[in-house]
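Student: According to my numbering, the residues represented by the sequence shown are 23 to 190, in order. The beta carbon of each residue, even a glycine, is placed where N, CA and C say it ideally should be. The structure under discussion is supplied below as structure tokens; questions concerning it will follow.
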Amino acid sequence: MSLFKRVANLMRKPEPPQPEKSVLTLGPGDICEVSLITYEVIGHSRNYRRKETFLTLQDGAELRYLHIEDREQTEYTLYTPIDGRLDSIEEVPSTMELDGTEYYLEEQYSSPVSSQGRAPHQPSGELHVWQYQSDDRKLLRIEWQEGRFLLYEGEKILAADVKVLRGR
Numbered sequence: 023m024s025l026f027k028r029v030a031n032l033m034r035k036p037e038p039p040q041p042e043k044s045v046l047t048l049g050p051g052d053i054c055e056v057s058l059i060t061y062e063v064i065g066h067s068r069n070y071r072r073k074e075t076f077l078t079l080q081d082g083a084e085l086r087y088l089h090i091e092d093r094e095q096t097e098y099t100l101y102t103p104i105d106g107r108l109d110s111i112e113e114v115p116s117t118m119e120l121d122g123t124e125y126y127l128e129e130q131y132s133s134p135v136s137s138q139g140r141a142p143h144q145p146s147g148e149l150h151v152w153q154y155q156s157d158d159r160k161l162l163r164i165e166w167q168e169g170r171f172l173l174y175e176g177e178k179i180l181a182a183d184v185k186v187l188r189g190r
């Protein structure tokens with residue numbers, strides 16, 4: 023190496039450090055831990071209007087979904103897909119009974135989403151969501167996009183129970 027290159031290397035600004043991955047920036051190929059279980063992120067959907075992220079997590083053959091809502095405080099909900107169907111988007115009830123648990127409609131909205139990887143949603147489009155809660159704090163989420171219903175059962179997760187282990 024020549025003397026000129028050595029001096030030029032000394033004068034050059036160091037490259038800025040890469041920002042650390044956060045749960046909000048995770049994408050396919052990243053690894054995270056939720057409630058002491060390690061998952062690979064295989065897909066994500068983002069709703070920029072509502073500041074929401076919906077991560078598809080895989081642990082072996084099991085799929086789970088981590089819903090992250092970035093408001094005054096970041097809230098986490100871990101969902102498991104359930105089998106079920108509804109006939110029409112106009113007939114989604116305000117109360118639902120599932121396995122003896124009564125769920126009450128808490129919130130209903132629709133907004134555009136963008137997806138990447140193996141997400142349950144279309145790559146882009148309008149997503150309609152109904153969120154329910156039971157008296158014992160169990161959660162139910164119903165989604166409709168382009169003629170297809172998806173149902174999930176879940177529970178709130180503490181922020182301390184969600185960790186990024188390895189980002190791309």
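May I ask you to report which of helix, strand or coil DSSP gives Leu25?
Tutor: The sequence position of residue 25 within the sequence shown is 3, counting from 1. Helix, per DSSP.
Student: What do you get for Val56, buried or exposed, if any count of 16 or more other CB atoms within 10 angstroms of its CB means buried?
Tutor: In the sequence shown, residue 56 corresponds to position 34, counting from 1. Result: buried.
Student: Could you check whether Gln138 and Glu168 sit closer than 7 Å to each other, using their CB atoms as the reference points?
Tutor: For this step, residue 168 is matched to residue 146 along the sequence shown. For this step, residue 138 is matched to residue 116 along the sequence shown. The answer is no: Cβ separation not under 7 Å.
Student: Cβ of Arg163 within 7 Å of Cβ of Gly65?
Tutor: The residue given as residue 163 occupies position 141 in the sequence shown. The residue given as residue 65 occupies position 43 in the sequence shown. Not in contact: Arg163 and Gly65 (Cβ atoms no closer than 7 Å).
Student: Return helix, strand or coil for Asp92, following the three-state DSSP convention.
Tutor: In the sequence shown, the residue the question calls residue 92 occupies position 70. In this structure, Asp92 counts as strand in the three-state DSSP scheme.
Student: Looking only at C-alpha atoms, which of Gly122, Leu77, Arg72, Asp157 sits nearest to Pro142?
Tutor: Numbered from its first residue, the sequence shown carries residue 142 at position 120. Measuring from the Cα of Pro142, the nearest candidate turns out to be Leu77.
Student: Could you tell me the alpha carbon to alpha carbon distance between Val151 and Asp157, rounded to whole angstroms?
Tutor: Your numbering for residue 151 matches position 129 in the sequence shown. Your numbering for residue 157 matches position 135 in the sequence shown. Near 20 Å, if we compare the C-alpha coordinates of Asp157 and Val151.
Student: In terms of alpha-carbon separation, which member of Glu113, Leu88, Gly82, Leu48 lies closest to Trp166?
Tutor: Counted from its first residue, the sequence shown places residue 166 at position 144. Among Glu113, Leu88, Gly82, Leu48, the Cα nearest to that of Trp166 belongs to Glu113.
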